[in-house]
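Here our numbering is used: position 286 in the sequence shown is 286, and no number is missing along the way.
Glycine included, C-beta positions come from ideal geometry on N, C-alpha and C.
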Amino acid sequence: MAKETLRWRVDALCPDTGVLAAAGEVIRRGGLVAFPTETVYGLGAHAGDAAAIAALFAAKGRPPEKALILHIAAREELWFYVKEVSPLAARLIEAFWPGPLTLVFKSSGRLPAAVTGGLPTLAVRVPAHPVALGLIRAAGVPVVAPSANLSGRPSPVTAAAVLADLGGRIDAVIDGGPAPLGVASTVLDVTGEVPRVLRSGAVGAAEIAAVTGTVPEGAAGKGGSFRFGIPLILVEGAGAAVRAEIERLYTRFTTAGKKVGVIAREENAARYPGLVIPCGREGDVGSLAACLYVAIGQLAAAVDLVLLEGPPEETGFALRLRRLAAQVIRVEEGL
Ligand code: TXA
Ligand code: MG
Numbered sequence: 001m002a003k004e005t006l007r008w009r010v011d012a013l014c015p016d017t018g019v020l021a022a023a024g025e026v027i028r029r030g031g032l033v034a035f036p037t038e039t040v041y042g043l044g045a046h047a048g049d050a051a052a053i054a055a056l057f058a059a060k061g062r063p064p065e066k067a068l069i070l071h072i073a074a075r076e077e078l079w080f081y082v083k084e085v086s087p088l089a090a091r092l093i094e095a096f097w098p099g100p101l102t103l104v105f106k107s108s109g110r111l112p113a114a115v116t117g118g119l120p121t122l123a124v125r126v127p128a129h130p131v132a133l134g135l136i137r138a139a140g141v142p143v144v145a146p147s148a149n150l151s152g153r154p155s156p157v158t159a160a161a162v163l164a165d166l167g168g169r170i171d172a173v174i175d176g177g178p179a180p181l182g183v184a185s186t187v188l189d190v191t192g193e194v195p196r197v198l199r200s201g202a203v204g205a206a207e208i209a210a211v212t213g214t215v216p217e218g219a220a221g222k223g224g225s226f227r228f229g230i231p232l233i234l235v236e237g238a239g240a241a242v243r244a245e246i247e248r249l250y251t252r253f254t255t256a257g258k259k260v261g262v263i264a265r266e267e268n269a270a271r272y273p274g275l276v277i278p279c280g281r282e283g284d285v286g287s288l289a290a291c292l293y294v295a296i297g298q299l300a301a302a303v304d305l306v307l308l309e310g311p312p313e314e315t316g317f318a319l320r321l322r323r324l325a326a327q328v329i330r331v332e333e334g335l
């Protein structure tokens with residue numbers, strides 16, 4: 001019997017906490033809630049609840065041997081669910097989480113066998129989307145999320161596409177607008193000596209190689225890294241010099257008739273003119289990664305180019321940002 005599927009509309013960068021709490025409660029009680037991630041829409045269920053997992057497979061018409069990805073809100077939660085995290089996996093996590101890279105580990109066996117179709121491994125990722133992260137936190141339980149489509153159909157990028165497939169079959173969809181990347185995460189097996197690509201996706205083999213030093217297995221001829229449709233100019237360096245350079249570039253491009261967007265840390269956003277999206281906090285590169293893709297996606301619909309305050313810290317994520325950027329400008333204090 002068909003059920004009524006609720007549709008909750010939220011702001012992607014600043015989702016209503018009441019909606020997240022209500023959606024989290026549905027998941028905690030064994031229900032199914034679709035939600036946006038930075039890649040595609042996922043269909044969330046309580047990973048520790050075997051009945052909820054069964055309902056999830058039934059709603060999608062998914063073959064039971066196809067394992068699910070565990071979505072966690074913070075990398076610190078990983079240890080509970082997997083046997084070991086190799087130094088190489090730790091480097092990948094540092095560079096890509098939150099973000100569109102799913103890693104396959106040896107499972108610690110703490111979730112029902114149906115989650116992994118009986119496999120001894122478990123796929124895990126930290127999504128880079130404020131709605132996904134907020135929902136996982138609000139649920140307070142481990143959340144699995146396959147793409148929110150009927151089995152065999154394309155992964156949905158909007159709530160409307162989710163409803164076209166799963167309306168009447170799931171409890172609710174949180175509509176946070178289009179998923180900014182529109183392509184699923186790359187699935188990488190890190191249980192062996194050399195990482196192996198099991199599904200190519202938003203993170204390209206070259207990007208993985210830039211972190212690990214070697215091209216992963218299974219990557220031959222597979223597509224490159226995701227790039228946004230508008231140029232991203234990354235300005236790196238010490239704080240005051242970065243701000244001065246962004247102001248200079250803003251003036252130069254707007255004078256040339258371009259529409260310019262700026263993505264800045266929350267502390268600095270008020271300093272800039274024009275269309276500014278605050279994203280992340282100073283000294284917390286994870287908080288930048290969590291909203292960056294959504295912020296760029298929103299600006300891509302409104303401007304010709306984006307100026308981005310780079311993080312001052314030299315982290316793995318800084319590497320990722322450089323690859324996303326059309327241009328990287330390094331400024332020094334006092335120049
Ligand atoms: O971007 C994404 O990954 C989206 C969003 C919602 O996070 N999720 C997604 O999930 O695409 P799904 O279930 O549609 O695809 C997961 C892929 C499948 O190809 C599955 O076989 C593979 O990951 N997978 C999951 N667990 C695995 C495991 N333990 N070993 C090998 N492959 C695994
Ligand atoms: Mg899928």
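Taking the Cα of Tyr41 as reference, the smallest distance to any Cα among Leu88, Pro87 and Pro127 is reached at Pro127. Under the three-pair Cβ rule at 8 Å, the region 296 to 311 does not count as touching the region 189 to 207. Excluding five sequence positions before and after Arg199, the CB atoms of its chain that fall closer than 6 Å to its own CB belong to Val187, given in chain order. Judged by beta-carbon spacing, Ala148 lies within the 7 Å limit of Leu43, meaning their Cβ atoms are closer than that value.
In terms of side-chain proximity, the C-beta atom of Ala113 is found no nearer than 6 Å to any non-hydrogen atom of the ligand TXA.
Considering only Gly109, Ala22, Pro64 and Val235, the residue with the shortest C-alpha distance to Ser151 is Pro64. Inclusion of Glu266 and Arg248 in the CB contact set at 7 Å is not warranted, their separation being larger than that value. Between the ligand MG and Pro64, a heavy atom-to-CB distance of less than 6 Å is absent. DSSP places Lys106 inside the beta strand (DSSP E), whose first and last residues are Leu101 to Lys106.
Put simply, of Asn268, Ala23 and Ala210 the residue whose alpha carbon is nearest the alpha carbon of Val143 is Ala23.
Sorting Asn268, Ala240 and Val262 by C-alpha distance to the C-alpha of Gly274 places Val262 at the top. Scanning the region 79 to 131 from its first residue to its last, the whole beta strand (DSSP E) runs of 3-plus residues come out as 101 to 106 and 121 to 125.
Placement of the Cβ of Ile69 at a distance of less than 6 Å from at least one heavy atom of the ligand TXA is found. Pro311 and Leu181 do not touch by the CB rule: their CB atoms are close to 20 Å apart, not below 8 Å. Between Leu232 and Ala95, the gap from beta carbon to beta carbon reaches 7 Å or more.
The continuous beta strand (DSSP E) containing Leu307 extends over residues Leu305 to Glu309. Residues lining the ligand MG by the Cβ criterion, that is a Cβ closer than 6 Å to any of its heavy atoms, are Pro146, Ser147 and Ser155 in chain order.
The distance from the Cβ of Val141 to that of Arg28 is about 6 Å, consistent with a contact at the 8 Å cut-off. A distance below 7 Å between beta-carbons, with the five flanking residues on each side excluded, links Arg243 to the following residues of its chain, in chain order: Asn268 and Arg271.
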